[in-house]
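Trainee:
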Amino acid sequence: MLFSYQHLLFLILILYLPKTSSNRQSFINLSQLGLEFIPTNENLLLLVDINADSIIICSKICFSNIYCRTFNFNMQSKRCRLYESDIDNTGTIINSQSIQSVVGTIKLTADDFIDYG
């Protein structure tokens, strides 16, 4: 069921995320429930800590911020935390104390940088 849940969220995100003026296309990957992202430096890499009504809203907020690469969303508390870091270089994903926590990561494609040479 979790597998289907992630695919449904992915399809919703693809259909409803607005394109930016630069036509930047990215992919949002969602973790399984019960995980959270921990950056190497919370004070330096945290962009925004807000409440969002849903994971879709949290994803949109991250997607609209050019510096956001990773976000934590807690479905119970509605807490959305955006980070200027990624799981490959500046943080890790760990088991969360909340089973309602999800990590989202934005993966850019090579086409995102074509205008920069």
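Numbering of the sequence shown is given in full-length UniProt numbering, commencing with residue 1 and proceeding in unit increments.
All C-beta atoms in this analysis are idealised placements derived from N, C-alpha and C, irrespective of residue type, glycine included.
(1) G104 and N72 - do their beta-carbons sit closer together than 9 Å?
(2) Just verifying my parser: in three-state terms, what is the DSSP assignment at I94?
(3) If you follow the alpha helix (DSSP H) that K60 is part of, which residue opens it and which one closes it?
(4) Look at the alpha carbon of I55 and the alpha carbon of F37, and state the distance between them as a whole number of angstroms.
(5) Below 6 Å CB to CB, which residues in the same chain sit around K107 once its five sequence neighbours on both sides are set aside?
(6) Sorted by chain position, which residues of the same chain lie with C-beta nearer than 7 Å to D49's C-beta, five sequence neighbours on each side aside?
(7) Should T40 be labelled buried (16 or more other beta-carbon atoms within 10 Å of its own) or exposed?
(8) Restricting to Cα atoms, I'd like to know which of S77, T70, N74 is closest to T92.
(9) Would you report the Cα separation of S59 and E42, rounded to the nearest angstrom?
(10) Could you please give me the residues that DSSP links to G34 through a beta bridge?
Mentor: Short version:
(1) What you label residue 72 is simply residue 72 of the sequence shown in a count that begins at 1. What you label residue 104 is simply residue 104 of the sequence shown in a count that begins at 1. Yes, the Cβ-Cβ distance between N72 and G104 is below 9 Å.
(2) Counting from one through the sequence shown, the residue named residue 94 turns up at place 94. Three-state DSSP puts I94 in a strand.
(3) As a first step, residue 60 is located in the sequence shown; it is residue number 60 there, counting from the start. Here the alpha helix (DSSP H) through K60 covers 55-64.
(4) What you label residue 55 is simply residue 55 of the sequence shown in a count that begins at 1. What you label residue 37 is simply residue 37 of the sequence shown in a count that begins at 1. Answer to the nearest angstrom: the Cα atoms are 15 Å apart.
(5) The residue you call residue 107 lines up with position 107 of the sequence shown. Excluding residues within five positions, the ones whose Cβ falls inside 6 Å are F27.
(6) Here residue 49 is taken as the residue at index 49 of the sequence shown, counted from 1. Cβ within range, chain order: R81.
(7) Locating residue 40 in the sequence shown gives position 40, where the first residue counts as 1. Flag for T40 reads exposed.
(8) Numbered from 1 along the sequence shown, position 92 holds the residue referred to as residue 92. Of the candidates S77, T70, N74, the one whose C-alpha sits nearest the C-alpha of T92 is T70.
(9) Sequence index remark: in the sequence shown, residue 59 carries index 59 (1-based). Sequence index remark: in the sequence shown, residue 42 carries index 42 (1-based). Straight-line Cα distance between these residues: approximately 19 Å.
(10) Walking along the sequence shown from the start, residue 34 turns up at place 34. None; G34 has no bridge partner.
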